[in-house]
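Worksheet: one structure, shown below.
Number of protein chains: 2
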Amino acid sequence: MSTIPRFFPAIPAGGSGTRLWPLSRTGRPKFLLPLGPDPARSLLQATVDRLLPLCGLDRLLVVTGEAHSAAVRGQLPHLPPANVIAEPSARNSSAPIALAAAIAHERDPDALTGSFAADHVVTDPAAFQAVIEAAAQVAAEGLLVTVGLRPLRPDTGYGYIEAGGPLTGGPGLAVRSFTEKPDAATARDYVATGSYLWNAGMFLWRADALLAEVGRQLPGLYDGVRQIAAAYAAGDGPQVHAEIWPTLPTVSIDVGIVEGAAQRGRVACVPADFGWTDVGTFDSLAAVLPGDAAGNVRVGGAEVLAVDSARCVVSAAGRPVVLLGVHDLVVVDAGDVVLVCPRERAQDVGALVGSVRDAGRGGLT
Amino acid sequence: MSTIPRFFPAIPAGGSGTRLWPLSRTGRPKFLLPLGPDPARSLLQATVDRLLPLCGLDRLLVVTGEAHSAAVRGQLPHLPPANVIAEPSARNSSAPIALAAAIAHERDPDALTGSFAADHVVTDPAAFQAVIEAAAQVAAEGLLVTVGLRPLRPDTGYGYIEAGGPLTGGPGLAVRSFTEKPDAATARDYVATGSYLWNAGMFLWRADALLAEVGRQLPGLYDGVRQIAAAYAAGDGPQVHAEIWPTLPTVSIDVGIVEGAAQRGRVACVPADFGWTDVGTFDSLAAVLPGDAAGNVRVGGAEVLAVDSARCVVSAAGRPVVLLGVHDLVVVDAGDVVLVCPRERAQDVGALVGSVRDAGRGGLT
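From first to last, the protein sequence lines are chains A and B. Each number in the working numbering corresponds to the 1-based position in the first sequence with 434 added. Each number in the working numbering corresponds to the 1-based position in the second sequence with 434 added.
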């Protein structure tokens with residue numbers, strides 16, 4: 435495998451992942467945690483690991499919150515410091531992704547860039563890399579390319595992409611429409627047709643193509659990120675970034691840019707299947723991490739002794755967890771607090787954080 | 435309440451309680467653990483607390499294994515050192531209980547003594563003390579007196595006492611028979627009659643009356659414990675104890691002495707109801723410890739945040755345990771290991787200890 439020429443992938447590293455409490459905390463967001471198949475690598479590190487062969491260290495960009503930039507640099511000690519861009523505040527996804535495109539464009543006017551979330555799991559990096567190489571071919575034509583995961587189940591927690599026919603001369607498919615989280619019946623219909631894909635929020639595009647769409651749909655954002663990127667190139671990036679950032683629109687890249695571009699026929703998708711999950715909940719880990727013969731999943735190398743127990747998801751903190759006669763439970767020993775809940779309640783873990791604060795234990799959140 | 439004259443209660447402190455693993459360990463048996471309503475007192479300390487008003491410090495005897503005698507003395511710093519007798523090896527219950535009677539008899543030929551397990555829970559100490567005072571009246575007549583707990587359910591894990599009519603001139607009832615753990619149908623019949631009581635293994639008797647029965651039924655044990663007791667009075671107790679102890683019979687007090695005495699009409703019982711359990715399993719704690727509105731029981735002052743959760747039994751180790759959407763579970767954080775099992779599997783926890791050893795984690799047992 436060789437690198438993709440002029441490829442500057444951007445990794446937005448934001449979000450705290452409260453549904454993964456008590457592993458995730460305000461000061462220790464999901465992307466810094468080792469939740470993937472390799473217990474020695476955080477989700478962020480694993481994201482970098484699978485992108486590096488495609489781009490090299492010098493062209494990999496990470497955009498994260500100021501509160502986490504030191505931890506990000508600590509986990510990625512070989513990344514050039516200038517490639518970690520600290521957001522003065524969180525402004526949804528269009529601002530950091532457009533900024534990364536502007537910075538890539540400053541460095542190389544023919545740059546290819548895109549967005550790869552820091553907190554997803556991919557269990558088949560080789561398949562991922564092949565898909566990105568295919569997507570890069572499509573993006574080189576000037577289209578915005580989204581990666582569409584072949585749906586494994588009629589999940590109502592994801593957005594869906596309706597794919598059309600193949601585009602001439604490449605592996606891309608046309609995109610007919612995007613749908614936000616559908617109801618269960620709609621999701622079943624989508625999966626049955628075979629032409630709907632999960633929208634993983636994973637994009638590739640030429641920096642100039644993305645910036646052209648930003649300029650058309652969100653001209654204020656365009657001006658802002660161009661100014662900030664120029665300032666970073668000139669050496670006073672953080673100061674200009676702090677001044678301009680609060681004035682920029684707060685909107686997701688999907689709603690702010692991609693959907694509008696799709697209506698103009700400017701979006702393609704590349705279908706993919708590389709063992710992906712957004713790790714939204716502890717339950718979702720069971721779909722991608724290897725389990726034992728009874729389906730018990732050990733997160734982050736947890737030491738688990740399971741007797742008459744099946745389909746549990748367990749995270750430990752250096753202490754063994756012993757299960758006897760239980761099934762479909764989430765058990766998380768985070769070192770300073772222990773959580774037990776059924777997998778089917780994993781969606782409700784985020785709401786616990788408020789209860790923990792109400793109980794006077796905000797220090798654990 | 436005043437003390438009972440010449441009352442030398444004996445507390446056999448033995449057994450490890452493997453069904454309470456991982457709280458109980460080889461080196462930290464059940465009786466040293468704070469499993470009762472007061473999280474600041476171990477089961478042993480609570481046993482002493484409820485007996486002390488009846489006897490005073492000078493007459494309270496504890497018989498324990500050599501491996502645990504230092505821990506016992508540490509938990510009972512005010513007890514005279516001579517009142518903690520260390521067994522050179524475990525020899526079931528008749529030897530330590532007969533020895534305690536012999537020691538009490540050395541100190542006072544008219545001594546009243548008996549046996550009160552170190553690892554049971556009593557939630558109503560005042561009712562306990564009233565029952566013991568009543569039992570002491572019956573024992574003063576020379577009968578062996580057993581305390582019979584009014585059954586709360588047709589439990590198949592306990593022995594049963596068939597009580598007869600009232601004895602003249604006191605609160606005692608005749609004892610017709612003893613039955614070991616019955617099957618479920620028999621247990622239901624027993625409870626339905628109203629004349630069966632749980633055998634809690636809690637006894638009172640005059641030391642001379644018990645020793646007379648020992649002499650009749652187990653003469654070798656009689657000679658041995660008289661020699662050992664004389665040696666303790668003379669100052670060379672441990673040496674003589676170590677020499678004689680291995681030669682004594684290993685049999686329970688029920689089988690070795692009480693059942694034979696009952697056949698001769700020498701056993702009475704006193705019915706009682708003071709919130710008792712032998713804490714055989716984590717499940718049994720739920721029957722005696724106070725729960726929250728949803729029936730969740732916090733063992734040893736555990737900090738528990740229970741959301742949509744009911745009837746769980748939780749022990750913690752200075753860390754909070756958070757429950758979401760679970761019911762009828764046992765969750766034990768022992769500091770170095772976490773156990774999760776359904777309450778209905780609590781009987782099977784003892785067998786886990788072998789599995790933990792097989793997994794190379796014998797250090798946790």
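Backbone N, C-alpha and C fix where the C-beta goes; we use that ideal spot for every residue, glycine too.
field: Opposing strand residues paired with residue 710 (chain A) [DSSP bridges]
entry: Taking the first sequence and counting its residues from 1, one reaches residue 710 (chain A) at position 276. A:556, per the DSSP bridge assignment.
field: Closer than 9 Å at the beta carbon, the chain B residues around residue 648 (chain A)
entry: For the purposes of this step, residue 648 (chain A) is identified with residue 214 of the first sequence, where counting begins at 1. Those within 9 Å of residue 648 (chain A) in chain B number zero; the least Cβ separation is about 42 Å.
- prompt: Does residue 726 (chain A) come within less than 8 Å of chain B when only Cβ atoms are used?
  reply: For the purposes of this step, residue 726 (chain A) is taken as residue 292 along the first sequence, with counting starting at 1. It does not; no Cβ of chain B falls within 8 Å.
task: Give me the Cβ distance between residue 753 (chain B) and residue 770 (chain A), rounded to the nearest whole Å; I'm assuming they're in contact under 8 Å.
output: Residue numbering aside, residue 753 (chain B) sits at position 319 when the second sequence is read from its first letter. Residue numbering aside, residue 770 (chain A) sits at position 336 when the first sequence is read from its first letter. Right, the Cβ-Cβ distance comes to about 6 Å (below 8 Å), so this counts as a contact.
- request: Kindly list, in the order they appear in chain A, the residues whose Cβ is closer than 9 Å to that of residue 776 (chain B).
  value: What you label residue 776 (chain B) is simply residue 342 of the second sequence in a count that begins at 1. In chain order: 758, 759 and 760.
query: What are the boundary residues of the alpha helix (DSSP H) that residue 489 (chain A) is part of?
result: Within the first sequence, the letter at position 55 stands for residue 489 (chain A). Looking at the DSSP string, the run of the alpha helix (DSSP H) that includes residue 489 (chain A) is 477-489.
message: Which same chain residues end up closer than 7 Å to residue 517 (chain B) when comparing Cβ atoms and leaving out the 5 residues on each side of it in sequence?
response: Within the second sequence, the letter at position 83 stands for residue 517 (chain B). Taken in chain order, the residues that qualify are 494, 495 and 496.
field: CA-to-CA distance, residue 624 (chain B) to residue 636 (chain B), given in whole angstroms
entry: Your numbering for residue 636 (chain B) matches position 202 in the second sequence. Your numbering for residue 624 (chain B) matches position 190 in the second sequence. Going from the Cα of residue 636 (chain B) to the Cα of residue 624 (chain B) covers about 20 Å.
- prompt: Which one of A:749, A:695, A:780 and A:680 has the shortest CA to CA distance from residue 718 (chain A)?
  reply: Counting from one through the first sequence, the residue named residue 718 (chain A) turns up at place 284. Nearest of A:749, A:695, A:780 and A:680 to residue 718 (chain A), Cα basis: A:780.
- request: Starting from the beta carbon of residue 767 (chain A), find every residue of chain B whose beta carbon is closer than 8 Å, and list them in chain order.
  value: Position 333 of the first sequence, counted from the start, is the residue given in the question as residue 767 (chain A). Result: 767 and 772.
task: With distances taken Cα to Cα, identify the nearest neighbour of residue 799 (chain B) among B:445, B:464, B:437 and B:442.
output: If you number the second sequence from 1, residue 799 (chain B) lands on position 365. When each option's Cα is compared against that of residue 799 (chain B), the closest is B:464.
query: What residues in its chain sit with their C-beta under 6 Å from that of residue 445 (chain A), if we drop five residues either side in the sequence?
result: By 1-based counting over the first sequence, the position of residue 445 (chain A) is 11. Taken in chain order, the residues that qualify are 481, 496, 550 and 552.
- prompt: Just checking, does the stretch 578-594 of chain B make contact with the stretch 703-722 of chain B on the three C-beta pairs under 8 Å criterion?
  reply: yes
task: Would you kindly check if the distance between the Cβ of residue 509 (chain A) and the Cβ of residue 467 (chain A) is under 8 Å?
output: Residue 467 (chain A) sits at position 33 when you count from the first residue of the first sequence. Residue 509 (chain A) sits at position 75 when you count from the first residue of the first sequence. No, Cβ-Cβ distance for residue 467 (chain A) and residue 509 (chain A) is not below 8 Å.
Simplified DSSP assignment, three categories, for residue 622 (chain B): Translated into positions along the second sequence, residue 622 (chain B) becomes position 188. In the structure shown, residue 622 (chain B) sits in a helix (DSSP, three-state: H, G or I).
- prompt: Between which two residues does the alpha helix (DSSP H) carrying residue 655 (chain A) extend?
  reply: As a first step, residue 655 (chain A) is located in the first sequence; it is residue number 221 there, counting from the start. Taken as a continuous stretch (DSSP letters only), the alpha helix (DSSP H) holding residue 655 (chain A) covers 653-668.
task: Return the residues of the stretch 535-551 of chain B that lie within a Cβ-Cβ distance of less than 7 Å from chain A, sorted by chain order.
output: none
message: Please report whether the beta-carbon of residue 782 (chain A) lies at a distance below 8 Å from any beta-carbon of chain B.
response: By one-based count along the first sequence, residue 782 (chain A) stands at place 348. Yes, because at least one Cβ of chain B sits closer than 8 Å to the Cβ of residue 782 (chain A).
message: Would you call the stretch 601-609 of chain A in contact with the stretch 729-736 of chain A, where contact means no fewer than 3 C-beta pairs closer than 8 Å?
response: no
task: May I ask you to report which of helix, strand or coil DSSP gives residue 451 (chain A)?
output: Working through the first sequence from its first residue, we reach residue 451 (chain A) at position 17. It is coil, neither helix nor strand.
query: Is the beta carbon of residue 675 (chain B) sitting closer than 8 Å to the one on residue 665 (chain B)?
result: As a first step, residue 675 (chain B) is located in the second sequence; it is residue number 241 there, counting from the start. As a first step, residue 665 (chain B) is located in the second sequence; it is residue number 231 there, counting from the start. In this structure, residue 665 (chain B) lies closer than 8 Å to residue 675 (chain B) by Cβ.
- request: Kindly indicate which three-state DSSP category residue 528 (chain B) falls into: helix, strand or coil?
  value: Counting from 1 along the second sequence, the entry for residue 528 (chain B) is found at position 94. DSSP places residue 528 (chain B) in helix when its eight states are reduced to three.
- prompt: So is residue 719 (chain A) in contact with chain B if we call contact Cβ pairs under 8 Å?
  reply: For the purposes of this step, residue 719 (chain A) is taken as residue 285 along the first sequence, with counting starting at 1. Output row for residue 719 (chain A): interface = no.
field: Where residue 436 (chain B) falls, given that 16 or more other Cβ within 10 Å makes a residue buried
entry: Along the second sequence, read from residue 1 onward, the residue named residue 436 (chain B) stands at position 2. Classification for residue 436 (chain B): exposed.
message: For the stretch 727-749 of chain B, list every residue whose C-beta sits within 7 Å of some C-beta in chain A, in sequence order.
response: 739 and 741
- prompt: Between the stretch 499-515 of chain A and chain B, which residues of the former have CB atoms less than 9 Å from a CB of the latter, in chain order?
  reply: none
- prompt: What in chain B is Cβ-close to residue 462 (chain A), meaning under 7 Å?
  reply: As a first step, residue 462 (chain A) is located in the first sequence; it is residue number 28 there, counting from the start. The contacting residues do not exist; residue 462 (chain A) stays about 17 Å from chain B at best.
message: So, with DSSP's three-state summary, where would you put residue 596 (chain B)?
response: Here residue 596 (chain B) refers to the residue found at position 162 of the second sequence. If DSSP states are grouped into helix, strand and coil, residue 596 (chain B) belongs with the strands.
task: Answer yes or no: do residue 566 (chain A) and residue 638 (chain A) have a C-beta to C-beta separation smaller than 8 Å?
output: For the purposes of this step, residue 566 (chain A) is taken as the residue at position 132 of the first sequence. For the purposes of this step, residue 638 (chain A) is taken as the residue at position 204 of the first sequence. The answer is yes: Cβ separation under 8 Å.
message: Below 7 Å on C-beta distance, what does residue 779 (chain A) contact in chain B?
response: In the first sequence, the residue the question calls residue 779 (chain A) occupies position 345. Those within 7 Å of residue 779 (chain A) in chain B are 758 and 759.
query: By how many angstroms is the C-alpha of residue 556 (chain A) removed from the C-alpha of residue 501 (chain B)?
result: Looking up residue 501 (chain B) in the second sequence gives position 67. Looking up residue 556 (chain A) in the first sequence gives position 122. Those two C-alpha atoms are separated by around 53 Å.
Rounded C-alpha distance that separates residue 545 (chain B) from residue 746 (chain B): For the purposes of this step, residue 545 (chain B) is taken as residue 111 along the second sequence, with counting starting at 1. For the purposes of this step, residue 746 (chain B) is taken as residue 312 along the second sequence, with counting starting at 1. Each residue's alpha carbon lies about 45 Å from the other.
field: Three CB pairs or more closer than 8 Å across the stretch 684-691 of chain A and the stretch 721-731 of chain A
entry: no
task: Assess, as a yes-or-no matter, whether the stretch 528-548 of chain B is touched by the stretch 582-599 of chain B under the definition of 3 or more beta carbon pairs within less than 8 Å.
output: no
field: Minimum C-alpha distance to residue 448 (chain B) - residue among B:741, B:658 and B:530
entry: As a working note, residue 448 (chain B) is residue 14 in the second sequence. The residue with the shortest Cα to Cα distance from residue 448 (chain B) is B:530.
field: Among B:455, B:523, B:514 and B:473, nearest to residue 682 (chain B) - alpha-carbon criterion
entry: Counted from its first residue, the second sequence places residue 682 (chain B) at position 248. Comparing Cα-Cα distances from residue 682 (chain B) to each of B:455, B:523, B:514 and B:473, the minimum goes to B:523.
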